[in-house]
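Enquirer: Counted the way our numbering counts, the sequence shown spans residues 6 to 136. Before I ask anything, here is the structure I am working with.
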Amino acid sequence: MITRFLTRFGIRAASGLAEIKAAWQRARCREQSLYEELQLTRQRVRQLEQELAALCSASTGVGDHVVRLEQQVLRIIERQDVLELRSGGERPYRQASQLVHNGADIEELVGTCGLTRGEAELLVMMQRGSA
């Protein structure tokens with residue numbers, strides 16, 4: 006009876022140990038799988054951090070470039086304003102002189118170029134006197 010009990014106990018103990026060993030091996034496999042997945046995830050996070058840093062750096066560079074372009078546009082606008090102020094007084098007279106050369110009369114100069122009648126008459130006399 007004791008022998009039978011010990012035999013049954015031994016079989017059950019061996020069976021239990023086999024189940025424990027199988028469960029432990031499954032747990033080890035699962036642990037290894039999770040560890041590998043964790044390593045891949047960490048690697049992907051590092052890669053994404055590098056990409057983010059590159060994008061931040063590039064956006065900073067683009068922002069700096071936009072600021073430089075805005076400053077350049079402002080300088081060009083200021084320069085254009087200065088040039089327009091300098092040549093603003095000459096432009097109607099140049100245009101009027103060209104029109105007189107092409108045969109325009111005083112009324113046309115007053116209407117087209119915004120000259121006073123006296124300015125238009127003087128310009129016509131000067132152009133025709135030099136011709």
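Cβ atoms here follow ideal geometry from the backbone N, Cα and C, with glycine treated the same way.
Just the Cα atoms here: how many angstroms apart are Ile16 and Ile25?
Expert: Along the sequence shown, one-based indexing puts residue 16 at 11. Along the sequence shown, one-based indexing puts residue 25 at 20. Those two C-alpha atoms are separated by around 14 Å.
Enquirer: Going by C-alpha to C-alpha distance, which of Thr117, His106, Leu120, Gln30 sits closest to Gly134?
Expert: By one-based count along the sequence shown, residue 134 stands at place 129. With distances taken between Cα atoms, Gly134 lies closest to His106.
Enquirer: When you compare only the Cα positions, how much space is there between Arg33 and Thr46?
Expert: Position 28 of the sequence shown, counted from the first residue, corresponds to residue 33. Position 41 of the sequence shown, counted from the first residue, corresponds to residue 46. Their Cα atoms are separated by approximately 20 Å.
Enquirer: Is Met146 helix, strand or coil by DSSP?
Expert: The question about residue 146 has no answer, for the chain in this structure spans 6 to 136.
Enquirer: So Leu120 and Pro97 are in contact, right, with Cβ under 8 Å, and what is the actual spacing, rounded?
Expert: Position 115 of the sequence shown, counted from the first residue, corresponds to residue 120. Position 92 of the sequence shown, counted from the first residue, corresponds to residue 97. The pair is a contact, with the Cβ atoms about 6 Å apart (cut-off 8 Å).
Enquirer: Nearest by alpha-carbon distance to Gly108: which of Leu88, Leu79, Gly123, Met130 is it?
Expert: Counting from one through the sequence shown, the residue named residue 108 turns up at place 103. When only C-alpha atoms are compared, the closest one is Met130.
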